[in-house]
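The numbering of the sequence shown is this note's numbering, which starts it at 1165 and goes up by one.
No residue lacks a Cβ here, since even glycine has one placed at the ideal position from N, Cα and C.
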Amino acid sequence: MIKKDIFIGICVGLIANAIGLFFSATALGQGEDFVTVIKAAAQEGFLGKLISLGAILNLIAFFIFIKKKQDYRARGVLLITVFVAVFTFVFKLF
């Protein structure tokens, strides 16, 4: 039961991050399509910032799970958020 709830939280965190990345790339892309914006962001060195902006939706999911007293699902979302932060940090270094 606990592992299942954490896994659900991880899935929700990944989906929320992907949706947030799509929204941030679309909003900041000034009319370009998603793939073009991602390629340009990778070339110009701000892909990590776009991914971090996408993680904002994880904050909403986290607080929804906390409010519903689903702590293990919130823990899964938090794990993905920490993973994204570490990935962004490592991506920025190299």
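query, result
"Contacts around residue 1211, its chain only, beta-carbon distance under 6 Å, and the 5 residues preceding and following it disregarded", "1205"
"The alpha helix (DSSP H) enclosing residue 1169, as first and last residue numbers", "1166-1192"
"Minimum C-alpha distance to residue 1181 - residue among 1197, 1170, 1248", "1248"
"Spatially closest choice to residue 1178 from 1258, 1239, 1255, by CA coordinates", "1239"
"Close beta carbons around residue 1169, own chain, < 6 Å, minus the five adjacent residues each side", "1236, 1237"
"Minimum C-alpha distance to residue 1220 - residue among 1258, 1185, 1166", "1185"
"Straight-line gap, residue 1231 to residue 1172 (C-alpha atoms, nearest Å)", "16 Å"
"Exposure label - residue 1214; buried when at least 16 CB within 10 Å", "buried"
"Residue 1247 - DSSP class collapsed to helix/strand/coil", "helix"
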